[in-house]
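**Student:** In this note's numbering, each residue's number is its place in the sequence shown (first place is 1) plus 1027. Don't be surprised by glycine CBs; every beta carbon is placed ideally from N, CA and C.
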Amino acid sequence: MKISGRHVFCRTAGVIVLFVLIMSGCAADPYQRRADVMKDHVENFYTHLKANRVAAAVHENEQIEAMADQMADTVRKQGQLQGTSQVEREFALMKTARGTAAQNWIALGQYFAIKQQPEKARASYQRVIDTYTDQTERTYREQAARALNDLEILSGPSPSSTH
């Protein structure tokens, strides 16, 4: 479970930078603008978390999730045009947003674990397990489940667990 916030930030930032490079094009490109907005939310998330402004960090992550939901709606509405580059780009950006948000919730759980707030850490990890249910998001659920198990090793079982 010993993954530093810096490691998670670098990994997430690397994914975003790679995605931005792939999606780069004209400055007026709406996908590029949204990728830039998402990158700003990620940077703000970690800035707030480092400054112990947890509510502000959560708000930034909720903004990323809202963007992903909007993109999912766009993909569904344009589903009859599948195969078009616009739908494919929208889908790729949506997947990146969802993955980034899941990683941020895991990072928030790690933050709470470090701050000796196991119940909040459990809630953050459980949110990943409950929210990110798509088959392609299995990695995030598994990582959150492992973190929950590690948290039990560090702090003992949660009051609601029955062993």
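What does the Cβ neighbour count give for residue 1091, buried or exposed, with the cut at 16 atoms within 10 Å?
**Tutor:** Counting Cβ neighbours within 10 Å, residue 1091 comes out buried, since at least 16 surround it.
**Student:** Could you give the distance in angstroms between the alpha-carbon of residue 1120 and the alpha-carbon of residue 1095?
**Tutor:** Each residue's alpha carbon lies about 8 angstroms from the other.
**Student:** Hey, would you say residue 1139 sits closer than 7 angstroms to residue 1148, going by beta carbons?
**Tutor:** Contact flag set, yes.
**Student:** Are the beta-carbon atoms belonging to residue 1151 and residue 1136 less than 7 angstroms from one another?
**Tutor:** Cβ distance < 7 angstroms, so residue 1151 and residue 1136 count as in contact.
**Student:** Is the beta carbon of residue 1072 closer than 7 angstroms to that of residue 1089?
**Tutor:** No, Cβ-Cβ distance for residue 1089 and residue 1072 is not below 7 angstroms.
**Student:** How far does the alpha helix (DSSP H) with residue 1159 in it reach, from first residue to last?
**Tutor:** No alpha helix (DSSP H) holds residue 1159; DSSP gives it neither H nor E.
**Student:** Can you give me the C-alpha to C-alpha distance between residue 1155 and residue 1171, rounded to a whole angstrom?
**Tutor:** In a straight line, the C-alpha of residue 1155 is about 6 angstroms away from that of residue 1171.
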